[in-house]
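Just below is one structure, and these are the notes that go with it.
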Amino acid sequence: MEKLSSLARFKSSCPFLGGTKTSTLRALSSTISPRFPSISQLTERATGCPIMGPALVMRSTQMVAGYASVAGQADVQKIHHSKGIFPGTSVSEADIAKCPHASAARAAARMADDLAAASVTAKAPEAGKEAPSAAQKAAAVGKEAPSTAQKAAAAGCPFHKAAAATEEQPAKVPDATEKQATSATSGAYNYDKFYAAELDKKHKDQSYRYFNNINRLATKFPIAHTASVKEEVQVWCANDYLGMGNNPVVLETMHRALDKYGAGAGGTRNIAGNSAMHLSLERELATLHRKESALVFSSCYVANDATLSTLGSKLPGCVYFSDASNHASMIQGIRHSGAKKEIFKHNDLNDLEAKLQKYPKDTPKIIAFESVYSMCGSIGPIKEICDLAKKYGALTFLDEVHAVGLYGPRGAGVAEHLDWESHQIAGQSPEPIKDSVMDRIDMITGTLGKAYGTVGGYVAGSRDFIDMIRSYAPGFIFTTSLPPATVAGARASVIYQKHHVGDRALKQINVRTVKERFAALDIPVVPGPSHIVPVLVGDAGLAKAASDKLLHEHGIYVQAINYPTVAVGEERLRVTVTPRHTAEQIDGLIGAMNTVFTDLDINRISDWAKLGGRANVGIGKENVAPIWSNAQINTAGQPQTLRDGEAAVVDVTAIQVVRKSFEDLLGAVELNETERKVEAALLTGAAKHVAEALPKKAKATLAPVNPVDVPVTSTVAVSA
196 MEKLSSLARF
206 KSSCPFLGGT
216 KTSTLRALSS
226 TISPRFPSIS
236 QLTERATGCP
246 IMGPALVMRS
256 TQMVAGYASV
266 AGQADVQKIH
276 HSKGIFPGTS
286 VSEADIAKCP
296 HASAARAAAR
306 MADDLAAASV
316 TAKAPEAGKE
326 APSAAQKAAA
336 VGKEAPSTAQ
346 KAAAAGCPFH
356 KAAAATEEQP
366 AKVPDATEKQ
376 ATSATSGAYN
386 YDKFYAAELD
396 KKHKDQSYRY
406 FNNINRLATK
416 FPIAHTASVK
426 EEVQVWCAND
436 YLGMGNNPVV
446 LETMHRALDK
456 YGAGAGGTRN
466 IAGNSAMHLS
476 LERELATLHR
486 KESALVFSSC
496 YVANDATLST
506 LGSKLPGCVY
516 FSDASNHASM
526 IQGIRHSGAK
536 KEIFKHNDLN
546 DLEAKLQKYP
556 KDTPKIIAFE
566 SVYSMCGSIG
576 PIKEICDLAK
586 KYGALTFLDE
596 VHAVGLYGPR
606 GAGVAEHLDW
616 ESHQIAGQSP
626 EPIKDSVMDR
636 IDMITGTLGK
646 AYGTVGGYVA
656 GSRDFIDMIR
666 SYAPGFIFTT
676 SLPPATVAGA
686 RASVIYQKHH
696 VGDRALKQIN
706 VRTVKERFAA
716 LDIPVVPGPS
726 HIVPVLVGDA
736 GLAKAASDKL
746 LHEHGIYVQA
756 INYPTVAVGE
766 ERLRVTVTPR
776 HTAEQIDGLI
786 GAMNTVFTDL
796 DINRISDWAK
806 LGGRANVGIG
816 KENVAPIWSN
826 AQINTAGQPQ
836 TLRDGEAAVV
846 DVTAIQVVRK
856 SFEDLLGAVE
866 LNETERKVEA
876 ALLTGAAKHV
886 AEALPKKAKA
896 TLAPVNPVDV
906 PVTSTVAVSA
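My numbering runs 195 ahead of the 1-based position in the sequence shown.
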């Protein structure tokens, strides 16, 4: 249905429109109905209105009838030929999309069917009332035996005929409506009514979660296409922080592992076997954190839940001390353990100590907290918490999910970053650095699905601790293990980042740029020292509207973050800046965000200051020093923000280390003569990019069409 250009003129005469905020109406009108995908949520609600409902059905019927009116056969052919379309005798689903008229007609027919179904759903009988028959339902919205799609078929258009043929059956009202009527009359519990009521609660408090159809493109990161493969947008909120999800040596390793070991793991590790790929990854992760052992899970949510629930249930009289801003996975793990818990205020050492003091020193205690808190960007006081743990006899459980790969000289996280020089000197030694912050942490969890660009989670710690979790945790024992190719890609990514600091250094440069430019425009960013860029909106409806506006009007995808992920009134847009975003893309983000803030009249820093501040915005705390120092960034050789068309640098030395690490399982990667010359030029510093190292004739032959077809050393310059 056509979007309403202005809702204001209807507000005075409609109780619903008059009593609903404009921002909410805007969000409803721009959001697809989850049950009827061809109409908006606002249109779905309107079908229940005694005035708008019949009007919508009538209008949809008129639209279908309009599309069904087509010129003669000769005119139809002329229209197709003028657009370069020459339909044959058989018309496929793909062919239908070529004809604007046929595809529009089918869309109108589907919309009419959805409106009819929504209208009947809106008029579903109350409990105890007799349900209308299928015929009555159809009659109620003016539907006859031929479907709306059939009515839209035009005799002269082969595309139109094919489109109608795919929808020969009359439109059927969703089963949920029939189930509601059946359960209501039979006396059984009305489950579907319960589901609908729960969903309605989410819609009313604006916490309903919307999932955009976003498909990241491996050769165009950070570009993705939407539901339409032709519609491309920039992704500014994915947790693939470094672009490792399309790093060429990661993809190459995954392809090689897939070809050798197949698609799946075959079951749990206890049943299907403890593969060499899994064991190698666990050794890699243990040495990353300089711990004795590590255990890989299907995700870090599972790792946190399984580890905390198992440990808390086994330690007699265990008490958990949990930061108030901890991730849901940690909260669930503690809850599942059945152990007692004390929640301390976020990053508040005084509150933590006051709660620790309540228990004898010999009571088993675990302090669970994070290094980087993903929604606000704050960093936990790790060293100080370690001091309190030692003083009161507690274990430390540190979630480094949003830090691994991004902090420290080898990417081990904030705990490593806090002793940068010591870890840099120690290099790749697996031995712990005594009394370093990372050494003092008893248990570290991390993810393979964010900075490392693949999927999976893990926990690292002492050998006996890991073995106990492996032996008792249901979340590990009874879950099918990750596929070998995924595990190989994760390990390749970890190895690469252990030997290449440039990606995370450039990320920090780009993050600083975006934060500074937002501040210059008075756009509120929740202050913090990390890479997280949370743009405060402060209203759920506005946050959703801003996200939709950025996507549909500016081609920028930034998801809105609402309750319960953040507190009510602290809704935000969480912007993720990567080393692969170009200067021009950053310009576009800044300009688009500024426009959206103006168009929607969203509070800026100065506005929050007048209101007393919110989420640390507007109270004079905006200038927070970043955890990365200039000296640490310069260890990567002062990387520069990419420009459009420039290639991202891929470290050849790190690639060689990755390949060498997999030779025992996957064999050596064979290079041809040209590729060996390129590699030599890059390693000796004679060239920084493949374009500088290759003769003109060779450049075309080495274009990275497929990471498997072209060895990575010849593609040091990866398309940005």
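No residue lacks a Cβ here, since even glycine has one placed at the ideal position from N, Cα and C.
query: Cβ neighbours of Asn-705 in the same chain (closer than 8 Å, five flanking residues each side left out); result: Val-772, Thr-773, Pro-774, His-776, Ile-781 and Thr-836
query: For Phe-516, the residue or residues it bridges with in DSSP; result: Glu-537 and Ile-562
query: Separation of Gly-243 from Ile-577, as counted between CA atoms; result: 55 Å
query: Val-913 versus Ala-831: straight-line alpha-carbon distance, rounded; result: Because Val-913 carries a pLDDT of 39, less than 50, the predicted location of this residue cannot be relied on, and the following value inherits that uncertainty. The alpha-carbon atoms of Val-913 and Ala-831 are separated by roughly 18 Å.
query: Contact check, Asp-698 vs Gly-438, beta carbons under 9 Å; result: yes
query: Three-way DSSP call (helix, strand, coil) for Pro-729 in this model; result: strand
query: Under 9 Å between C-beta atoms of His-531 and Leu-503; result: yes
query: Inside the stretch 435-469 only - alpha helix (DSSP H) runs reaching at least 4 residues; result: 443-456 and 464-467
query: Bridge partners - Thr-642, DSSP secondary structure assignment; result: Gly-652
query: 6 Å CB neighbourhood of Thr-215 in its chain, flanking five on each side removed; result: none
query: Inter-residue Cα distance where the pair is Cys-209 and Ala-392; result: 24 Å
query: Chain-order list of residues whose beta-carbon lies under 7 Å from that of Leu-237 (same chain, five-residue window excluded); result: Leu-220, Leu-223 and Ser-224
query: C-beta atoms of Lys-536 and Phe-564 nearer than 9 Å; result: no
query: His-776 - DSSP class collapsed to helix/strand/coil; result: coil
query: Segment contact flag, the stretch 648-666 with the stretch 495-514, C-beta cutoff 8 Å, min 3 pairs; result: yes
query: Close Cβ partners of Glu-779 (< 6 Å) along its chain, the five nearest in sequence each way excluded; result: Asp-839
query: Reduced DSSP secondary structure (H/G/I, E/B, other) of Glu-934; result: Residue 934 is absent from the model: the chain starts at 196 and stops at 915.
query: Segment limits, alpha helix (DSSP H) that includes Phe-389; result: 386-399
query: Spatial distance of Gln-364 from Glu-858 (CA atoms); result: Unreliable positioning characterises Gln-364 in this predicted model, as indicated by a pLDDT of 49, which lies under 50. The coordinate reading is nonetheless provided below. If I take the Cα positions, the gap works out to 58 Å.
query: Limits of the beta strand (DSSP E) - the one that Ile-704 falls within; result: Segment 697-715 is the alpha helix (DSSP H) holding Ile-704; no beta strand (DSSP E) there.
query: Three-state secondary structure (DSSP) of His-484; result: coil
query: Residue(s) in a DSSP beta bridge with Phe-616; result: For clarity, residue 616 is Glu in the given sequence; the question names Phe instead. Glu-616 pairs with nothing; no bridge assigned.
query: Same chain, Cβ closer than 7 Å to Ile-797, five either side skipped, listed in chain order; result: Val-732, Leu-737 and Ala-741
query: Close beta carbons around Ser-569, own chain, < 7 Å, minus the five adjacent residues each side; result: His-597 and Ile-727
query: Per-residue DSSP class, three states only, for Asn-521; result: coil
query: Where the beta strand (DSSP E) through Ile-418 begins and ends; result: 418-420
query: Close Cβ partners of Ala-422 (< 7 Å) along its chain, the five nearest in sequence each way excluded; result: Asn-408
query: Distance, Leu-510 Cα to Thr-558 Cα; result: 10 Å
query: With 16 other Cβ atoms within 10 Å as the buried cut-off, status of Pro-555; result: exposed
query: Counterpart residues of Phe-231 in DSSP-defined beta bridges; result: DSSP, once it has assigned bridges, lists no residue as partnering Phe-231.
query: Rounded Cβ spacing between Leu-483 and Arg-605 (contact assumed at less than 8 Å); result: 7 Å
query: For Glu-427: DSSP bridge partner residues; result: His-420
query: Collapsed DSSP secondary structure at Tyr-758 in the structure displayed; result: coil
query: Exposure of Tyr-384, with buried meaning 16 or more beta-carbon neighbours within 10 Å; result: exposed
query: Beta-carbon proximity of Thr-448 to Ala-668, cut-off 9 Å; result: no
query: Integer-rounded CB distance, given that Ile-690 should sit under 8 Å from Ser-856; result: 5 Å
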